[in-house]
Amino acid sequence: MKWRPFWLRGLLVASLLLGAGVVAALDAADHINPNHAGHAKSGVECLACHEPIFDETALGQLSAFPKEAKCLSCHKKQKEDGNCGFCHSRPDKPGPYVLSSPHLKFNHAKHLEKDEKCEVCHLQLPARGQVDKPVPPMKTCLGCHEHAQQYANGQCDVCHRDLLSIPLKPTSPPFSHQANFTRAHPPIARASAASCTLCHQQRFCSDCHAAMTAPMRIEAVKPDAVDKNFIHWGDYLTRHSIEARGNESRCQTCHVVTFCEQCHRAAQLTPNAANPQNPHPSGWNMPGSSSFHGTAARQDIVSCATCHEQGAQSNCVTCHRVGGVGGDPHPSGWTNRHPSSEIHHNPMCLACHP
Amino acid sequence: MRGAAALALLLTLWAPVAIAQVTEASATTVLRLEPDWRTTDSRVGLWGTQYVGLSVRGIDIPGAVEDLRFQLSAWGTAATITSTPEQLLTGDFELLFMQGSLFQRHLTLTVGRQLISGGAARVLQLDGLNANVSIGKYFGISGYVGQPVVAPTVSGQGVNAYVAAPTVSRGVVPLGDFAFGGRAYWRPTYGTEIGVSFLEILNNNVIARQDLGVDAHVLILPNLSLTASSILSLVELRVADGQLGLSWHILPTLELFVNGMRTEPDLFLSRTSIFSVFAYTQRTAVGGGAFWQALPRLSFYGEYNQLWVDGGSGNEAILGVTYKLDRKSSVGLNGHLLYVPVNGYTELRAWVLESLTDRIKLSADLQWQLLENLFSYAGTSIPYNATKDSIVGTASVSWLIGCGWSAMLSGSIGTTPLNLTRYTVTARIGYNFTTFDAGTPR
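These protein sequence lines are chains P and B, in that order. Quick note on numbering: this note's numbering labels position 190 of the first sequence as 190, and the sequence is numbered without any gaps. Quick note on numbering: this note's numbering labels position 414 of the second sequence as 1414, and the sequence is numbered without any gaps.
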């Protein structure tokens, strides 16, 4: 049997995965909507259905959720009439209530000892058609001094079981993410990387920062995340040289210059390209010209490296080596920082100073 | 024999999953179709990429290791157009490490492919060992050693590619072949941390980089924080990167900030590069801005920086407005102006994110960009328009299928100075699986 090309097999696997997703989509799960707001409006007490909550010491204990029989004590007629959509989102495929794992550590019993009024925390309840859970907002928790103090001390794990799985967006100091945090985060992360790891796993960072190994930029993977402040949105290719001129060190956080050289070589712009072409303006090799390469190199040497970084024997050495026609290429003050003795032990010096 | 080895590997990977407190697994398939203008005849290519991720944590081995963690993030790609035959099917690991805490969490060790973050390292992708020692309540020291990650010997995917070329095969190692460093820090409170760090990278036993870093994030008042960091090149005795910022939450809905930055980009070139001997380059930026949550649904963001680069000065301004239509739907308008001596651009981007249902979302964005000066590629074969502006529109529909599955279909089309026309079609399907406390499916 003859094997098909690698890429064809890869595409076949990917197509199968896509197909599996479509199958799964057609089998979306049922969920139950108890219409909390409607019950409250009708004067049904919370405890009429949730009496066991008095004994619930941790979220997710099944006893705190009413059984179907409890619902049927009032809504028996709907079931007898076959009106399954009254409670089930998928009346064609009704299923039991699926208990999701809780993300918070919370002791209802302990809180109810202090105050039995549910509405102290549950300020707003979802109505029919809303799939929101009746979970109070975090500011409700922080309304108590004890929890406000824990928040101020960064003791997240007092309440949150696992912020790594369910990261939240801080909106207050010292790590507010409200403004353009993508742009602001580098110096903060440099000094507070451990705090970042409370919410972010390394793979969150690697989505953007593992540029050495990532196959494509995050904007290409998530074109639907239009509200994110990603750096390379839209036509970045056109503006990349301008961005680089504005702050090349920011580019070099993720990209080494050989990354640039790879793309420039594919575009036939580098000396080692298959069909090298000259992108430089006229006068590039004319001393005194407004576009003389020496002036450009002094102002932006990193851009030179993005096409000509082929080791010490690149075309700079040819002219600028000792005795070459290009003359001394070092910037002023070079000899103050680099003693002449360095020539004998730095291989880079030997390229021009044999 | 191969089958037995695969089974053994599967069991080895599955064993920690079975006893972990938290296990997260994901598989994402991305199919993308677009023309690649870098190939001289602008051929249309199809790329299929499979991402896999596994994060296992919370494994305790009594009396020995606490919170043992394992993290894997990898991908494989099949492409229809490449420069060389070996690029047809390729892949790599982004992360592959094991982490565990010893001595009541006073020592944390991480071994494998990882990201080293903080201090002079900035973000360094490293194959190696990282150790973090907590000393008392407020102090700590971390140290790492290993080999900086180099790109695999393959090309990436079209103009959206990240992966670099087979530079190693040409004898040029991108960053270096050996790195070590560390950071000592003082963290008296949550939100305040001061550190001193060191990084050295060697390339064939020659120093490619040797940096000393100082960094601080200080909560001066409950609503006022200071951030400062500096990286000094010990080889050149020049500051490679210095940043200072002050953020003031004057009101819960209003944040003001000022910042200053000075960098010397040539110092981020390897000291083993011939280009490190030609110039001292400098970039300076000073500016500030504000974020204002004017209404619960409406927010504004603005920032301005004055720039000084070699050859002149420039300006950068960023503006953003976001309006929430409801809890899951919003619209926004972003503007970005950047002018430096060589060129400049004005960019406007409008976007909308609309939840049709709880499971189906539509998103679209339209970006318009105007260059100050035309690009000049006369004499080259680059297919460029003789225009200064570009316009690119993207529309996507994403579907939260349920049971951990999600799907997305996206299309983008436009015209830009560097591409006569440009289009991309992207399909993505993902599966996420999470368990808490050994096997309770979410």
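Beta carbons are placed, not taken as given, at the ideal position from N, Cα and C, and that holds for glycine.
What does the alpha-carbon distance come out to for the pair R1271 of chain B and N1130 of chain B? 25 Å
Can you tell me which of the three DSSP states A312 of chain P falls into? coil
Can you check whether the C-beta of D1266 of chain B is within less than 7 Å of a C-beta belonging to chain P? yes
So E1094 of chain B is in the beta strand (DSSP E); what residue range does that whole segment cover? L1089 to L1102
Minimum C-alpha distance to H108 of chain P - residue among P:C159, P:N278, P:G95 and P:Y236: P:C159
Can you name the residues of chain B whose CB is closer than 9 Å to the CB of D162 of chain P? Q1021, V1022, R1057, G1058 and F1436
Using a Cβ-Cβ cut-off of 6 Å (strictly less than) and excluding sequence neighbours within five positions of V1392 of chain B, which residues of its own chain qualify? Q1367 and G1414
In angstroms with no decimal places, state the Cα-to-Cα distance between C141 of chain P and C121 of chain P. 8 Å
Beta-carbon separation (whole angstroms), L1232 of chain B vs L1212 of chain B, contact threshold 8 Å: 5 Å
Roughly how far, in whole angstroms, is the beta-carbon of G1344 of chain B from the beta-carbon of E1372 of chain B, given that I think they are within contact range, below 8 Å? 4 Å
I'd like to know whether the C-beta of D1310 of chain B is nearer than 7 Å to at least one C-beta of chain P. yes
State the DSSP-derived secondary structure class of T1167 of chain B, mapped to helix, strand or coil. Any reading at T1167 of chain B must be qualified, since the residue scores a pLDDT of 38, below 50, and its modelled position is unreliable; no value is offered.
By the criterion of Cβ-Cβ separation under 7 Å, what are the contact partners of I375 of chain P in chain B? This structure leaves residue 375 of chain P out entirely; chain P is present only between 1 and 354.
So, is the C-beta of G1191 of chain B closer than 7 Å to a C-beta in chain P? yes
Quick check on this structure: which residue in P:I32, P:P137 and P:K77 has the alpha carbon closest to the alpha carbon of R128 of chain P? P:I32
For H160 of chain P, which beta-bridge partners are listed by DSSP? P:L104
Exposure of P1265 of chain B, with buried meaning 16 or more beta-carbon neighbours within 10 Å: buried
Given this structure, state the Cα-to-Cα distance separating S1225 of chain B from P174 of chain P, to the nearest angstrom. 6 Å
Cβ of S193 of chain P within 7 Å of any chain B Cβ: The sequence given here places Ala at residue 193 of chain P; Ser does not occur at that position. Cβ-Cβ to chain B under 7 Å: yes for A193 of chain P.
Is the Cβ of A1208 of chain B closer than 7 Å to any Cβ of chain P? no
Best match in B:A1294, B:G1287 and B:S1355 for proximity to A184 of chain P [C-alpha to C-alpha]: B:G1287
For I1413 of chain B, which three-state DSSP category applies? strand
Just tell me which of P:S63, P:K70, P:A193 and P:D55 has its CA closest to the CA of K110 of chain P. P:D55
Return the bridge partner residues of M1261 of chain B from the DSSP annotation. B:Q1243 and B:A1285
Any idea what DSSP makes of W1368 of chain B, helix, strand or coil? strand
Go ahead and pull the three-state DSSP assignment for K228 of chain P. coil
Identify whether Q299 of chain P lies in helix, strand or coil by the three-state DSSP scheme. helix
Residues that L1338 of chain B contacts on chain P, provided the C-beta gap is smaller than 8 Å: R239, I242, E243 and G246
Verify whether the separation of the beta carbon atoms of Q261 of chain P and E219 of chain P is less than 7 Å. The sequence as given places Glu at residue 261 of chain P; Gln does not occur at that position. Contact: no.
Compile a chain-ordered list of the residues in the stretch 175-190 of chain P whose CB is closer than 9 Å to at least one CB of chain B. F175, S176, Q178, A179, N180, R183, A184, P186, P187, I188, A189 and R190
Please classify S195 of chain P as buried or exposed, where buried requires at least 16 other C-beta atoms within 10 Å of its C-beta. buried
Looking at C-alpha atoms only, which residue of B:G1100, B:T1110, B:P1188 and B:D1127 is the closest neighbour of Y1138 of chain B? B:P1188
Beta-carbon proximity list for G1314 of chain B, same chain, < 6 Å, skipping 5 on both sides: L1307, Y1339 and V1340
Can you give the Cα-Cα distance for F1291 of chain B and L1246 of chain B, rounded to whole angstroms? 14 Å
Any C-beta of chain B under 7 Å from that of Q149 of chain P: no
For S73 of chain P, which residues in chain B fall below 7 Å Cβ to Cβ? Simply none; closest approach about 29 Å.
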